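A short write-up of the structure that comes next.
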Amino acid sequence: MTALESIGTTLVVASGVLIVTYYLLINAGYLLIHVLALFELRDNVRESEWTPSFRAFDSPFYPGVAMVVPAYNEAATIVESVRSMLSLNYPDQEIVVVNDGSTDATLARLREAYDLELVDAEVPYDVPAEPIRGVYRSRTHEDLLVVDKENGGKSDALNAGVWLTEQTLFCAVDADTVLDRNALLQVVKPFLEEPERAVASGGTIRVANNCVVEDGEVQEVHLPETGLPGIQVMEYLRAFYSGRLGLARLKGLILISGAFGVFRTDRVREIGGYRHDTITEDFDVVVRLHEYLSDEDVDYTVDFIPEPVAWTEVPDTLRTLGRQRRRWYRGMMETVVASRRMFFRRAYGRVGTVILPFFTAAEALGPLIEGFGYVLLPIAWYLGILNIEFFLTFLLLTVGAGIFLSWFGVLSEVWSYNRYESPWDVLRLLWYGVLENFGYRQWKTIVAWHGLIEYLRGDQSWGVMERRGFGTDDEAAPPSAAPGATVTAGATAATAGTETARSAATATDETAATDRTAANSGFVWIDWLTEASDTDGLRWLDRIATEEAPGRFAPVTDPTVGAGDGGFVWTRDFADGVGDGGFVWTTDPSDGAGDGGFVLAPDADGALRLIETTAFTDGVGDGGFVWTTDPTVGAGDGGFVWTREFADGAGDEGLVWVVDAFGDGDD
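The working numbering numbers the first residue of the sequence shown as 5 and each following residue consecutively.
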């Protein structure tokens, strides 16, 4: 053996020993947290079995809660979303919808549905948010307040709602979240028991895929029919019924989900509200509360209550899930780095001395080290030094421990609130606990490394979250959209909590607050045939365009020169794009997912423009473009898909939307 081989062998062996030791310590910590979670869950179940002799939602002692709902281009669902929140059981509730510079009819639909009137008064103090255009109060629902403001992103919208409410507490809720009717009554429990100490409280997030929603409430709970959402059910159970509960038992809860969390309004104002420069504002705000209150020597609690549930839809494709998890990883790294001064300092209690260091080692570094271990195994085999005992120990500490902790989460579910009552569902959950450790777990280590690279590059993008919607069992809708788009094709407006058939397959662009004008522009498919048959079709919504700067498509090689951050490319495989569909040329408008498409037609000035129509004879030529998930339905053998990488297409160019202000040189 040469000196170089000897050094390499020593490094591989030493790395293997370090990885095994690391996982022994991490899994010991996880086991402790899971055991503590069982004790905490036992106490919660016992307390939930006690039924008060009065109707809770009639009690005058509940603190006022403002439901702060950021909304960007939610015209198709916002009316029903608000209606479902107004129906929650709670004695003193206010709904604060923040229209975050929507370019669609979000505000108009709210004004029409709830008879809004402009509040004739100036905002009495500075709000750490983009300029507020107006504040509206409903004439029919006095508890509904609508704030109309310039676009600034989710954190910015949350700040506007927090500063413009007078309620003692506020509940941050995503517009596409469905809450159990009694969720608010349950999640405010810490504020009733310790009103001076409680500053934040979170509930459980469950997977809504394949569930049946009626009248703004989940009526039937089903496990997802496909494996990827099913595995995420397992992840959510483990995270909330084991992870969050265990940390709460240790008095060290550092994360409350942004989809459903209640906070003391004054405390969040004291720390300056939500930061604009983070992409995981929910994690960041809780850690900053810990830091601030410890610095001020305030006695406080941050709690988790497992009984109240918020339902949300999870990604069902690896592409979308990968974007989401990379964003989560980047945001985690941002918060960990920003809070580094708290590490190992007794002034911050268990959060600083134990929880944050362990969280960083397990969640931030864990996937990276595990991924390195998977690379190390074939290297050791190649060098002929792969020890069977080491190999089995590594599998036991990763795969074996993973299965055990997943089954621990299933035990917590069955033993406590048990929303999955069928024995077959429980068996499937146990199977998912095994399945996630073979392929999926290894894929997540790759995602973590990818997320680390994006973090080091300073990537602040949110990516595209494609949602299919959920409702009755026989409803389905393919997600397909360009950035910033809502494409309708026969789905249910599930995020609004209704079974109203509205042709919608939604792809929400979770746009970063930076570069707002460009990033928040995009195509929106509007299909309100029941209200105005002449409004259906594909529309480009861009605040530059509303200022009378007309736009056009231009062929370029750089996808970043347009008004958005991508463009259209020609391809024969629609999986190359952001969604799972694209636009094809056809002579029959019924070939598409909707009942029409768009054609090139001259406008009043004689310039060719894209117009929406259900009759292709309105345009130049004998056909037009329709949206579809099948590239073979068109006259050719492919179509156009939206992407940020022009190399995904058949050539090296793509079409981007440009405006005259900066697009003259692109033709």
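Glycine included, every Cβ here is placed at the ideal spot set by N, Cα and C. The model shown is predicted, which means the values in this text are computed figures rather than measured ones.
Residues near R268 in its chain [Cβ-Cβ closer than 8 Å; skip 5 each side] | Beyond the five residues adjoining it in sequence on each side, R268 comes within less than 8 Å, by CB distance, of T172, L173, F195, A202, V203 and A204 in the same chain, given in chain order.
Between the Cα of D124 and those of L254, L399, E657 and G138, spot the shortest distance and give me the residue it belongs to.
-> Ranking the options by Cα distance to D124, first place goes to G138.
Close Cβ partners of A351 (< 7 Å) along its chain, the five nearest in sequence each way excluded = Residues S298 of the same chain have their beta carbon placed closer than 7 Å to that of A351, with the five preceding and five following residues left out of the count.
Tell me whether N441 is buried or exposed, calling it buried when 16 or more other Cβ atoms sit within 10 Å of its Cβ.
-> With 16 or more other Cβ atoms within 10 Å, it is buried.
Please determine, among R323, Q190, R461 and R432, the residue with the shortest C-alpha to C-alpha distance to L227.
-> R432 is the residue among R323, Q190, R461 and R432 whose C-alpha sits nearest the C-alpha of L227.
Buried or exposed (CB count within 10 angstroms, at least 16 for buried), D641 | Around the beta carbon of D641, fewer than 16 other beta carbons lie within 10 angstroms, which makes this residue exposed.
State yes or no: is the C-beta of N186 within less than 7 Å of the C-beta of N48?
-> Not in contact: N186 and N48 (Cβ atoms no closer than 7 Å).
Can you round the beta-carbon distance between L251 and I359 to whole angstroms, since I take them to be within the 8 Å contact cut?
-> The beta-carbon separation of L251 and I359, rounded to 6 Å, stays under the 8 Å limit for a contact.
Delimiting residues of the alpha helix (DSSP H) encompassing P319 | Per DSSP, P319 is not a residue of any alpha helix (DSSP H), being assigned neither H nor E.
Starting from W646, follow its DSSP beta bridges and name the residues at the other end.
-> DSSP output for W646 lists F572 as bridge partner(s).
Length of the line joining the Cα atoms of S19 and Y66 | If I take the Cα positions, the gap works out to 56 Å.
Quick one: grab the DSSP three-state call for E552.
-> Residue placement at E552 cannot be trusted, given a pLDDT of 40 that sits under 50; what the coordinates show is reported in the next sentence. In the three-state reduction of the DSSP assignment, E552 falls in the coil class.
Using alpha carbons as the reference points, say which of N155, Y140 and G638 lies closest to L148.
-> When only C-alpha atoms are compared, the closest one is Y140.
Specify whether the stretch 237-256 and the stretch 410-418 touch according to this definition: at least 3 beta carbon pairs, one from each stretch, less than 8 Å apart.
-> With a cut-off of 8 Å, the stretch 410-418 and the stretch 237-256 count as touching, because enough Cβ pairs lie within range.
Identify, in the order they occur along the chain, each residue of the same chain with its Cβ nearer than 7 Å to the Cβ of I260, setting aside the five sequence neighbours on each side.
-> Beyond the five residues adjoining it in sequence on each side, I260 comes within less than 7 Å, by CB distance, of A204, G206, D286 and V290 in the same chain, given in chain order.
Assuming D96 contacts V69 (C-beta within less than 8 Å), just tell me the rounded distance between them.
-> So it is a contact: roughly 7 Å between Cβ atoms.
Look at the alpha carbon of V313 and the alpha carbon of Y424, and state the distance between them as a whole number of angstroms.
-> Looking at the two C-alpha atoms, the distance is approximately 14 Å.
G356 by DSSP, collapsed to three states: which one?
-> If DSSP states are grouped into helix, strand and coil, G356 belongs with the helices.
Through-space distance from K448 to D546, alpha-carbon basis | Because D546 sits at a pLDDT of 42, beneath the cut-off of 50, its placement in the model cannot be relied upon, and the point is left open.
Is the Cβ-Cβ distance between Q236 and V211 less than 7 Å?
-> Yes, these two residues count as a Cβ contact at 7 Å.
Opening and closing residue of the beta strand (DSSP E) in which Q223 lies | Unbroken beta strand (DSSP E) run through Q223: E221 to E224.
Who are F587's beta bridge partners in DSSP?
-> Bridge partners of F587 according to DSSP: W631 and F644.
So, are the CB atoms of Y27 and L401 less than 7 Å apart?
-> Yes, these two residues count as a Cβ contact at 7 Å.
Check each candidate in G437, D180 and E393 and name the one with the smallest Cα separation from V403.
-> Of the listed residues, the one whose Cα sits closest to V403 is G437.
Using DSSP with H/G/I as helix, E/B as strand and the rest coil, what is G138?
-> Three-state result, G138: strand.
Where A605 falls: helix, strand or coil (DSSP) | Under the three-state reduction of DSSP output, A605 falls in the strand class.
With 16 other Cβ atoms within 10 Å as the buried cut-off, status of A80 = A80 comes out buried.
Would you tell me roughly how many angstroms separate the C-alpha atoms of D178 and V624, rounded to the nearest one?
-> Between D178 and V624, the C-alpha separation is close to 43 Å.
Kindly list the residues whose CB is nearer than 7 Å to the CB of R279, restricted to its own chain and excluding five residues on each side of it in sequence; keep chain order.
-> Closer than 7 Å at the Cβ level, and outside the excluded window around R279, lie S159, E285 and D288.
Could you check the C-alpha separation between Q190 and M71 for me, to the nearest Å?
-> Annotation: Q190 to M71 spans about 15 Å, alpha carbon to alpha carbon.
Around the Cβ of T14, are there at least 16 other Cβ atoms within 10 angstroms (buried) or fewer (exposed)?
-> Exposed: under 16 other Cβ atoms inside 10 Å.
Thinking C-alpha only, which one of A368, N213, A605 and F43 is nearest R329?
-> For R329, the closest of A368, N213, A605 and F43 by C-alpha to C-alpha distance is A368.
From F395 to L381, what does the alpha carbon distance come to, in whole angstroms?
-> C-alpha separation (whole angstroms): 8 Å.
What is the DSSP secondary structure of D3, counted as helix, strand or coil?
-> Outside the shown range of the chain, which is 5 to 671, sits residue 3, and nothing can be said about it.
Roughly how many whole angstroms lie between the Cα atoms of V588 and T618?
-> V588 and T618: Cα-Cα distance of roughly 15 Å.
Enumerate in chain order the residues of its own chain whose CB-to-CB distance from F347 is below 7 Å, with the five nearest sequence positions on each side excluded.
-> Cβ within range, chain order: G356, L360 and P361.
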